[in-house]
Each structure stands twice: as structure tokens, then as C-alpha cells.
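**Student:** I have a structure I would like to understand better, so I am pasting it below and will then ask my questions one at a time.
Number of protein chains: 2
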Amino acid sequence: MREGFVGNRINALYGIVNGTCNYILTRMKLEGADFDAVLAEAQKLGYAETPPDLDIDGWDSQHKIGILASLAHGFWVQPEKIHVEGIRHISAMDIKFAGELGYTIKLLGIVKRIADLGTNRKSQIVNHKCRVQVSVYPTLIPNSHVLASVNHVFNAVFVRGDVVGDTLFYGRGAGKDATASAVLSDLADAALDLKFGTPSRVPPFVPHECKGAVAPIAEVVSQYFVRLNVVDKPGTLAKIAAIFGQSKIGISSVIQPEGHEGASVPLIFMLHYAPNGAVTKALVKIGRLPVIKGQPVMIRVENFE
Amino acid sequence: MREGFVGNRINALYGIVNGTCNYILTRMKLEGADFDAVLAEAQKLGYAETPPDLDIDGWDSQHKIGILASLAHGFWVQPEKIHVEGIRHISAMDIKFAGELGYTIKLLGIVKRIADLGTNRKSQIVNHKCRVQVSVYPTLIPNSHVLASVNHVFNAVFVRGDVVGDTLFYGRGAGKDATASAVLSDLADAALDLKFGTPSRVPPFVPHECKGAVAPIAEVVSQYFVRLNVVDKPGTLAKIAAIFGQSKIGISSVIQPEGHEGASVPLIFMLHYAPNGAVTKALVKIGRLPVIKGQPVMIRVENFE
């Protein structure tokens, strides 16, 4: 980013930047296994630490995406301004339903320039001229996207520049050899900068009007996958749909998977672009309905549009 | 490669480095179309030049892979030492049969360090201590490999370092904007080198014992996909298998696809690791058999082992 993207404005950056999370999500997908079982095995194998919080709750990704955001936009992003969600709440069922819809779940770090209101309906935020979204959360991404093929402990950063277009940088995200190689290259870089007096070879960013403005997650507009556990009786769907409607949240599809028996069944909603704040509030209301069992699960969807 | 792989020996490098060829092969695969039809349309759309030889016969890839080989191994590779085959002879049938076997055909530039005889049966060459393969040819690669997902005008370079492991660099391989972005970054790099007097910031390679030794293609060991057009009568397979056997070339599988009618039928062989020279000679002999119609088609297979 410092040397190959001179003159580019970085419109979006998506990173799979934590090897432990990607290893767990990959195995959950390949084996249909549950989070706890895969985490326990990953800890036995030394791929996850004990306690595993730093990795699986997204804090390691937060640190890395903060650095990438700063490189992309030229201002230091305070960690507390980065909205972080980990992968603890992702279930085998979410991965299975996402798969049936053509999506893979990855923990993504996202740095996205948010366009002016009105110019791009799909990545707008409400009432602000220009800001940057900086966040970490599990995301449904289309199976056809190159990031969906980044598996196990591999990491990748997908960068979209306004001139260069879409690019991807891929390599191992864990392991002592890969880490040693990166450290060695950084040391050589620093030593040469000291020797030749070139502390800042290339301006690492194009100055722009978003400087310093990180959008609060509530105002960021996303698409959503929502999984509810509902009592299977007449009128349930109408009650839920009414709350989404009152909140001005559009439903793009509803899936009630077949083959589930018992008093409660899963019910999946795919939601249109809507502000995170509105969706969170609507889900609190929906969660209070007597027909809803347990907590609603909400995972954002990224179609890279 | 100059800055991120300090201290690495580049064991292998595989590049999809020509946007025109990748566009044609992608459309042939997606549409089941023939080479000539897709080329004609690519020329209409401006994705291929007239005459298209520089791209589709592999010469543009030769130039690029020569530069990458030099960066990886620290000696200038003469273009005439780079074995080049283009994609003109690839048929819709080859792409279809490769697909049924789980492979995608890509034009690959390959730079591979060839290990000592005996240490690695799979990438040996005969009778030499250490050399580098530098070549360009259409290759069957497994669908599961990340390079198989590089489609249309996108390019990618897959680099395997002995310390860093596997890495991939991906972006647009055609179009004025992506080209402008790359040129701008190169100009900035050159200007800063001039300004700060750092003409050679980092040694771009690890010196090693292969210096200057490019292996002739005849001595390079590969796996192969061979498609023959044979007269469907008893004894045909025995005659062909006898020639492979006399040449000490192992057959890993034989596929006679069903549903082909007429006097001649396609017959596919997947061949074990063998020197290119031996396979070329055996195919000349096989091509002279009266039961063979037309030229044998040979496409190398790369399993990235």
C-alpha cells in the first residue's frame, strides 16, 4: 500500500487478518462442526491460545485493521472507534444456512470509504458528507469471491483502489517461519531507511476529505443475514415482518428450512441495505416477542459492490 | 519480491501474467466455446490485438516471466532460454476433459528451482545438481488451487518462498487505469531512489548455487495430460501403452469419454512425472501410428507439490 498504490484513493479494504479465526471457521465449514469443538481441538494443536479471547473475540484483528486503516487513509484510527465482534456466537447452523444461500462466513476487517448521501445508495451513511467505516465482524461473503477461497491459517487483504481496481495479497497468517520472514523484511526495510535517511519514502495515502472521520457503526449501512428460532405457529411471520416494516427495513428473502421438527424452528431473513442502528433496534423488539426462543443471530452480508 | 521476501529462497513462482490469454481461457471454460470464436470476439471488444500473436502465442508472458525470474534468482534470464508455448492449440474439448478431471487450464509462467537429483523425485531433473526452470505454457491446475479462481483479465503471481511459504499477489492485468496506477507507482519509486541515492535498496534475491543455470525444457520433469484422437478398434490402447512403456513413462489414468460416435474417438492419458524430452519423443512415435488421427495434444499438469 505504501509503494504500489501511489495516487490511488483506497475506496475499500477487506482483510482476513487472523489465522486462528480463519482456521476455526474453515474447519467448521468443512466438517459441519460446532465452534466449541473446533476451538478445543485448535487449542490442543497449538493453533489457538488459552484463553483464546485475543483471537476469537476479534481484538487481534482490531489491532491489524487499525494499522491498515491508517495506511489507507493517513490518519490514526483510535482502537475504541473500531467496532469489533468476534466469532464465538457463530454456530454450525449459521454456516450451513449461509452455504445454502451461496455464502461463506469469514471474520473480516473492513475499512470502507462511505460515499456522499445519494451518490451511492448502497454504501451511504445517513446525513454525513464523507466518513470511513472501520470495523471487524463475521461476514457472509459470496462463495464466488476470491476471499471465500482463503482457508485455514491463510490470511489475505483485498484492496480496492479507485485507479488500480481490485487487488489481493495472500499468505500464511500463522506459523513461526512466515512470521520470521515478515519480521526480517521489516528489519531490512527499517535498517535501509536509517542508512539512507529515507524515513518516509512515499506518502502512504491520498489526502481526502474524510480525514479523521470514523463513522459510528450505528450509522453504517449494511445488508444482513438474520437467524431466529421461532415457535412454529400461524401469525409468527406477520409479527416479525411488521417490526421490520415499521423500522423501514426491507426483507429480500425469507427461508424456513425444511426438515426441522419440534416446538421451535429456525427462520432465516436476508435484509436489504439498512443502517446498523435500525437493525439492532428492530432485533431487540423482535427478540422480545413471545414466539421467539433465544437470542436473534445477526450476521452482516458483504457483496463487494 | 524485492522488499517483502528478504532472506527467502524462491523455490517456485507461478504467474498468470497475460490478461488477454486469461480472458480467452476463462470465456472458453465458462461458455464451452472454441478458441477461434472467443478470440474473434475478444478482438472486436478490444481485449485482443490484431494480429494477436504477441499475447496468445505467449511472447508477452515470456517477457514478464523473464523479469520475475531475474528478481527471484538474481541473474538475467535470456529470452531464448525460456521455453514458450501459447494457447492457440487449446480446444474446447481439452478444457471440458480437464474440467471433468478436476482441473482448469491456465497459461502459466513458471520459474522453479529444481532440486538435486534424488532429494525430491517430483521436481528433479536428470544428471544435474541445481538449475532453474523458466518457461511459459498452458497448464492444467487443480480447481481447488487459488490460481484456478483468477479469471477474466485478472492476473496473479503465486510465489513460494522457503521461509514465508505460499503467497499470492492479484490484480487487473489489463485496462488503462490499472496500467496507469502501476506506471505511477514505478515512477514514484524511481524518483525517490534518485532523490535519496538508493538505487538498490534491498538485494532482490538470495545468492544460490543455481546461478545462471536455466534447465532446457527437455530435461524438466512434469506431469502430463495427453489427448489423442484414435480409431476405435481392438489393440489400439495396447499399441499406445507399449510406446509409453518403452519410453519409461508411467500412465496414471486413461479415460475414454463416453458418448462419442464415429470412426475416431478421443482418448485421454494422464501421465506420471517424466522428462519433457522423453514425452515429446514418445508422442512423435505415437503420432505416427496408423490408428492415430491428427496431432496428439500434450498439456502439462501442475499440482503445486
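Chains as they are written, first to last, in the numbering used here: chain Y, -9 to 295; chain V, -9 to 295.
Ideal placement from N, C-alpha and C gives every residue a C-beta, glycine not left out.
None of these values were measured; they are calculated from a predicted model.
Answer yes if the segment 80 to 99 of chain V comes into contact with the segment 210 to 217 of chain V, meaning at least three C-beta pairs across the two stretches below 8 Å, and no otherwise.
**Tutor:** The segment 210 to 217 of chain V vs the segment 80 to 99 of chain V: in contact.
**Student:** Would you report the Cα separation of residue 173/V and residue 42/V, rounded to the nearest angstrom?
**Tutor:** Whole-angstrom Cα-Cα distance: 24 Å.
**Student:** Is the Cβ-Cβ distance between residue 257/V and residue 239/V less than 7 Å?
**Tutor:** Cβ distance not < 7 Å, so residue 257/V and residue 239/V don't count as in contact.
**Student:** Buried or exposed: where does residue 284/V fall if 16 or more other Cβ atoms within 10 Å of its Cβ makes it buried?
**Tutor:** When all chains shown are included, residue 284/V counts as exposed.
**Student:** Report yes if the CB atom of residue 168/Y is closer than 7 Å to the CB atom of residue 9/Y, and no otherwise.
**Tutor:** No, they are not a contact pair.
**Student:** Please report the Cβ distance between residue 127/V and residue 290/V, rounded to the nearest whole angstrom; I am assuming they are in contact, meaning their Cβ atoms lie under 8 Å.
**Tutor:** The Cβ separation is near 6 Å, so the contact holds.
**Student:** Looking at residue 44/V and residue 3/V, is the spacing between their C-beta atoms short of 7 Å?
**Tutor:** Cβ atoms of residue 3/V and residue 44/V: not closer than 7 Å.
**Student:** Report yes or no: do three or more beta-carbon pairs, one from the segment -7 to 3 of chain Y and one from the segment 97 to 106 of chain Y, lie closer than 8 Å?
**Tutor:** These segments touch.
**Student:** Leaving out five residues on either side along the sequence, give the residues of the same chain with a beta carbon under 6 Å from the beta carbon of residue 264/Y.
**Tutor:** Counting only Cβ-Cβ distances below 6 Å, and skipping sequence neighbours, we find 239.
**Student:** Name the two residues that bound the continuous alpha helix (DSSP H) containing residue 34/V.
**Tutor:** Run containing residue 34/V: 25 to 34, per the alpha helix (DSSP H) assignment.
**Student:** Determine the burial state of residue 248/V: buried for a count of at least 16 other Cβ atoms within 10 Å of its Cβ, exposed for fewer.
**Tutor:** Answer is exposed; the Cβ neighbour count stays below 16.
**Student:** Nearest CA to the CA of residue 288/Y: which residue from 259/Y, 282/Y, 5/Y and 280/Y?
**Tutor:** Of the candidates 259/Y, 282/Y, 5/Y and 280/Y, the one whose C-alpha sits nearest the C-alpha of residue 288/Y is 259/Y.
**Student:** Have a look at residue 253/V and residue 221/V and give me their C-alpha separation to the nearest angstrom.
**Tutor:** Going by the C-alpha atoms only, they are around 6 Å apart.
**Student:** With 7 Å as the threshold, decide whether the Cβ of residue 158/Y is near any Cβ in chain V.
**Tutor:** Output row for residue 158/Y: interface = yes.
**Student:** Output, in chain order, the set of chain V residues within a Cβ distance shorter than 7 Å of residue 153/Y.
**Tutor:** Within 7 Å Cβ-Cβ: 167, 170 and 171.
**Student:** Which one of 30/Y, 282/Y and 207/Y has the shortest CA to CA distance from residue 124/Y?
**Tutor:** Answer by Cα proximity: 207/Y.
**Student:** Exposed or buried, which one is residue 274/Y when buried takes at least 16 other CB atoms within 10 Å?
**Tutor:** Exposed: under 16 other Cβ atoms inside 10 Å.
**Student:** Spatial neighbours of residue 138/V within its chain, please: C-beta separation below 6 Å, excluding the five flanking residues on both sides.
**Tutor:** The residues are 94 and 131.
**Student:** Could one say the Cβ of residue 175/V lies closer than 7 Å to chain Y's Cβ atoms, at least one of them?
**Tutor:** So, interface residue.
**Student:** Is the beta carbon of residue 74/Y closer than 7 Å to that of residue 52/Y?
**Tutor:** The answer is yes: Cβ separation under 7 Å.
**Student:** If you compare alpha carbons, which of 39/Y, 63/Y and 36/Y is closest to residue -5/Y?
**Tutor:** Out of 39/Y, 63/Y and 36/Y, 63/Y has the C-alpha closest to the C-alpha of residue -5/Y.
**Student:** Report yes if the CB atom of residue 162/Y is closer than 7 Å to the CB atom of residue 148/Y, and no otherwise.
**Tutor:** In this structure, residue 148/Y does not lie closer than 7 Å to residue 162/Y by Cβ.
**Student:** Cβ of residue 13/V within 7 Å of Cβ of residue 142/V?
**Tutor:** It is a contact, given that the beta carbons lie within the stated cut-off.
**Student:** Any beta carbon of chain V sitting closer than 7 Å to that of residue 178/Y?
**Tutor:** Cβ-Cβ to chain V under 7 Å: yes for residue 178/Y.
**Student:** Within this structure, are the beta carbons of residue 11/Y and residue 97/Y separated by less than 7 Å?
**Tutor:** In this structure, residue 97/Y lies closer than 7 Å to residue 11/Y by Cβ.
**Student:** Output, in chain order, the set of chain Y residues within a Cβ distance shorter than 7 Å of residue 8/V.
**Tutor:** The contacting residues do not exist; residue 8/V stays about 17 Å from chain Y at best.
**Student:** Can you find a CB in chain Y that lies within less than 7 Å of the CB of residue -4/V?
**Tutor:** Yes, residue -4/V counts as interfacial toward chain Y.
**Student:** Which same chain residues end up closer than 7 Å to residue 255/V when comparing Cβ atoms and leaving out the 5 residues on each side of it in sequence?
**Tutor:** Closer than 7 Å at Cβ, skipping near neighbours: 220, 222 and 246.
**Student:** Under the three-state reduction of DSSP, which class applies to residue 293/Y: helix, strand or coil?
**Tutor:** Looking at residue 293/Y - three-state DSSP - the assignment turns out to be coil, as it is neither helix nor strand.
**Student:** I need the boundaries of the beta strand (DSSP E) containing residue 145/V, first residue and last residue.
**Tutor:** Note, residue 145/V: beta strand (DSSP E), 144 to 151.
**Student:** Residue 219/Y lies in the beta strand (DSSP E); which residues open and close that run?
**Tutor:** Residues 211 to 221.
**Student:** Would DSSP call residue 80/Y helix, strand or coil?
**Tutor:** Residue state, collapsed to three classes: coil.
**Student:** Measure from the alpha carbon of residue 146/V to the alpha carbon of each residue in 227/Y, 22/Y, 160/Y and 133/Y, then state which is nearest.
**Tutor:** Comparing Cα positions, the closest option is 160/Y.
**Student:** Does the beta-carbon of residue 133/Y have 16 or more other beta-carbons within 10 angstroms, so that it is buried, or is it exposed?
**Tutor:** It is exposed - the Cβ of residue 133/Y has fewer than 16 other Cβ atoms within 10 Å.
**Student:** Tell me the DSSP secondary structure of residue 367/V in three-state form.
**Tutor:** Chain V is shown from -9 up to 295; residue 367/V falls before or after that span and cannot be answered.
**Student:** Residues of chain V with CB under 8 Å from residue 161/Y, in chain order?
**Tutor:** 154, 155, 156, 157 and 158, listed in chain order.
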